[in-house]
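Engineer:
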Amino acid sequence: MIENDPSDDLRRLGDWLAEGGLELTVLRPHAGDELPDSLDGYLALIVLGGDQSAFPDAAGVPGAPWFPALEGLLRKAVRFRVPTLGVCLGGQLLARAHGGAVARSTAGPEIGPGLVAKRDAADDDPLFKWVPLLPDVLQWHRDEITELPAGAVLLAASSRYPHQAFRIGDRAWGLQFHIECDAEMIADWARSDGDGLAELGYDADAVVAAAGAALADVEEVWQPFAVRFAALAQGTLADADIPNPGTGRTLPLLGQ
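So the sequence shown is residues 29 to 284, counted in the numbering used here.
#1: Can you tell me where the alpha helix (DSSP H) with Trp-217 in it begins and where it stops?
#2: How about Arg-40 and Glu-247: do their beta carbons lie closer than 8 angstroms?
#3: Is the beta carbon of Ala-131 sitting closer than 8 angstroms to the one on Leu-182?
#4: Quick one: using the 10 Å Cβ neighbour count with 16 as the cut-off for buried, is Ser-186 buried or exposed?
#5: Should Asp-267 and Pro-163 be called a contact, given that it needs their Cβ atoms to be closer than 8 angstroms?
#6: Taking all protein chains shown into account, do 16 or more other C-beta atoms lie within 10 angstroms of the C-beta of Pro-93, making it buried, or fewer, making it exposed?
#7: Distance, Cα to Cα, His-169 vs Ser-35?
#8: Under 8 angstroms between the Cβ atoms of Ala-184 and Ala-145?
#9: Excluding the 5 residues flanking Cys-209 on each side, which residues of the same chain have their C-beta closer than 6 angstroms to its C-beta?
#10: Per DSSP, what kind of secondary structure is Gly-168 in: helix, strand or coil?
#11: Report back the beta-carbon spacing between Ile-214 and Ala-239 to the nearest angstrom; my notes put them in contact at under 8 angstroms.
#12: If you reduce the DSSP assignment to three classes, tell me which class Asp-33 lands in.
#13: CB-CB under 8 angstroms to Ala-135, same chain, minus the five flanking residues each way: which ones, in chain order?
Below, the structure is given as structure tokens:
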């Protein structure tokens with residue numbers, strides 16, 4: 029598991045994955061941990077969020093020094109069918125690593141609890157087919173995935189941010205939203221982003237209260253999702269194969 033920012037750690041997602049039987053190894057490149065050259069010996073790859081931008085600045089400098097290597101690792105994960113989950117920034121990096129585009133959104137930020145809507149393709153997805161039609165999520169982002177990679181399958185959308193969840197191949201998922209947060213994490217984000225929230229017209233206390241009220245609903249949806257991902261990583265998830273992953277253009281290039 030890759031932690032890109034100390035403000036966005038495993039929290040509840042770590043508990044759920046452990047409940048599903050996964051032994052977790054957390055690498056913190058922001059604190060100097062080296063990323064592995066390969067995923068040999070790992071059952072899955074999970075990439076968390078962070079305050080950085082997934083795209084480079086105008087001078088071509090990446091959002092974090094380790095992002096090019098991390099994108100390379102994400103490509104290897106898809107190439108070798110290692111179960112992969114990217115959360116918020118992690119999902120954006122997964123998209124960019126495979127030719128998608130990420131930019132500062134012109135629609136404004138998404139902050140706090142919300143709903144996303146499943147797309148029809150989710151009915152055949154081994155993880156999303158059990159997610160309700162309008163699942164509760166937590167949002168905290170200003171950037172967006174403006175273009176999915178060629179052949180990616182859109183699994184969930186919202187009216188302002190159409191690319192809320194997607195799959196690449198048959199073993200890699202990207203989420204624009206957060207599922208890992210607890211009340212303390214949201215409160216910390218509100219404190220650190222207080223000036224920005226005020227400029228946007230958000231009441232920080234109201235955001236924290238609304239997020240706290242949604243946590244039980246978020247857990248009801250995403251704890252089973254995380255346990256299913258853990259089962260898939262361990263090879264014990266029934267009906268994990270997808271007859272048509274929807275990536276006919278890219279899979280031959282990946283040796284599938």
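We put the CB at the ideal spot given by N, CA and C, even for glycine.
Structural biologist: Checking against the coordinates, here is how it stands:
#1: Translated into the one-based positions of the sequence shown, residue 217 becomes position 189. Looking at the DSSP string, the run of the alpha helix (DSSP H) that includes Trp-217 is 211-220.
#2: On the sequence shown, residue 40 is found 12 positions in, with the first residue counted as 1. On the sequence shown, residue 247 is found 219 positions in, with the first residue counted as 1. Their beta carbons are under 8 angstroms apart, which means Arg-40 touches Glu-247 by this criterion.
#3: Locating residue 131 in the sequence shown gives position 103, counting from the first residue. Locating residue 182 in the sequence shown gives position 154, counting from the first residue. Ala-131 is not a Cβ neighbour of Leu-182, given a cutoff of 8 angstroms.
#4: Taking the sequence shown and counting its residues from 1, one reaches residue 186 at position 158. The residue in question, Ser-186, is buried, as its Cβ has 16 or more Cβ neighbours within 10 Å.
#5: As a working note, residue 267 is residue 239 in the sequence shown. As a working note, residue 163 is residue 135 in the sequence shown. Contact flag unset, no.
#6: Residue 93 sits at position 65 when you count from the first residue of the sequence shown. Note on Pro-93: under 16 other CB atoms within 10 angstroms of its CB, so exposed under the neighbour-count rule.
#7: In the sequence shown, counting from the first residue as 1, residue 169 sits at position 141. In the sequence shown, counting from the first residue as 1, residue 35 sits at position 7. Here the alpha carbon of His-169 sits roughly 14 angstroms from the alpha carbon of Ser-35.
#8: By 1-based counting over the sequence shown, the position of residue 184 is 156. By 1-based counting over the sequence shown, the position of residue 145 is 117. Yes, the Cβ-Cβ distance between Ala-184 and Ala-145 is below 8 angstroms.
#9: Your numbering for residue 209 matches position 181 in the sequence shown. Correct list, in chain order: Leu-166.
#10: Sequence index remark: in the sequence shown, residue 168 carries index 140 (1-based). Per the sequence shown, residue 168 should be read as Trp rather than Gly. In the three-state scheme derived from DSSP, where H, G and I count as helix and E and B as strand, Trp-168 is classed as strand.
#11: Residue 214 sits at position 186 when you count from the first residue of the sequence shown. Residue 239 sits at position 211 when you count from the first residue of the sequence shown. That belief holds up - the Cβ atoms of Ile-214 and Ala-239 are roughly 4 angstroms apart, short of 8 angstroms.
#12: Locating residue 33 in the sequence shown gives position 5, where the first residue counts as 1. Three-state DSSP puts Asp-33 in coil, outside helix and strand.
#13: The sequence position of residue 135 within the sequence shown is 107, counting from 1. A distance below 8 angstroms between beta-carbons, with the five flanking residues on each side excluded, links Ala-135 to the following residues of its chain, in chain order: Glu-172, Arg-188 and Tyr-189.
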